[in-house]
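See below:
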């Protein structure tokens, strides 16, 4: 049986303070999805969000204008194993 994996990470509606993100999944189910958002220069506190395993999108707020953010999304399988994270860089 193939292990659950994340596929692609997509950003939309990027504003000075927020963005929407969505991701695709391949095979299997997830217990949860963990999103980490940290600014590239570590000037601001990083944020971590946990969403349900069947979620395919999130709205991230509380960001700072004209800032680059490193974003990672990782799934946790029903067996408790983390998947390889998807990573991206986005500028508000």
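In our numbering, the protein residues as written are 913 to 1004.
Glycine included, each C-beta is placed from N, C-alpha and C at the ideal position.
Next item on the list: Could you tell me how far apart the beta carbons of residue 952 and residue 961 are, in whole angstroms, since I believe they sit closer than 8 Å?
Entry: Residue numbering aside, residue 952 sits at position 40 when the chain shown is read from its first letter. Residue numbering aside, residue 961 sits at position 49 when the chain shown is read from its first letter. About 18 Å separates the beta carbon of residue 952 from that of residue 961, a gap too long to meet the 8 Å contact definition.
Item checked: Residues near residue 941 in its chain [Cβ-Cβ closer than 8 Å; skip 5 each side] -> Taking the chain shown and counting its residues from 1, the one referred to as residue 941 is at position 29. Take residue 941, set aside five residues on each side of it, and the residues of its chain with a beta-carbon closer than 8 Å to its own are 916, 965, 966, 989 and 990, in chain order.
Check: So does residue 939 have its beta carbon nearer than 8 Å to some heavy atom of the ligand ADP?
Finding: With respect to small molecules bound, the structure shown includes none, and the ligand ADP cannot be examined in it.
Check: Which word fits residue 955, buried or exposed, when buried means at least 16 other C-beta atoms lie within 10 angstroms of its C-beta?
Finding: Within the chain shown, the letter at position 43 stands for residue 955. Residue burial annotation: residue 955 is exposed, with fewer than 16 other C-beta atoms found within 10 angstroms of its C-beta.
Item checked: Nearest-angstrom Cα separation, counted from residue 914 out to residue 974 -> Residue mapping note: residue 974 aligns to position 62 of the chain shown, counting from 1. Residue mapping note: residue 914 aligns to position 2 of the chain shown, counting from 1. The alpha-carbon atoms of residue 974 and residue 914 are separated by roughly 37 Å.
Margin query: Using only CA atoms, which one of 949, 922, 920 and 928 lies nearest to residue 1004?
Written below: Residue numbering aside, residue 1004 sits at position 92 when the chain shown is read from its first letter. Between residue 1004 and the set 949, 922, 920 and 928, the nearest pair of CA atoms involves 928.
Checklist line | Residues of its chain near residue 985, where Cβ-Cβ distance is below 7 Å and the 5 sequence neighbours each way are ignored | finding: Here residue 985 refers to the residue found at position 73 of the chain shown. So the list reads 918, 921, 935, 945, 947, 997 and 998, once near-sequence residues are dropped.
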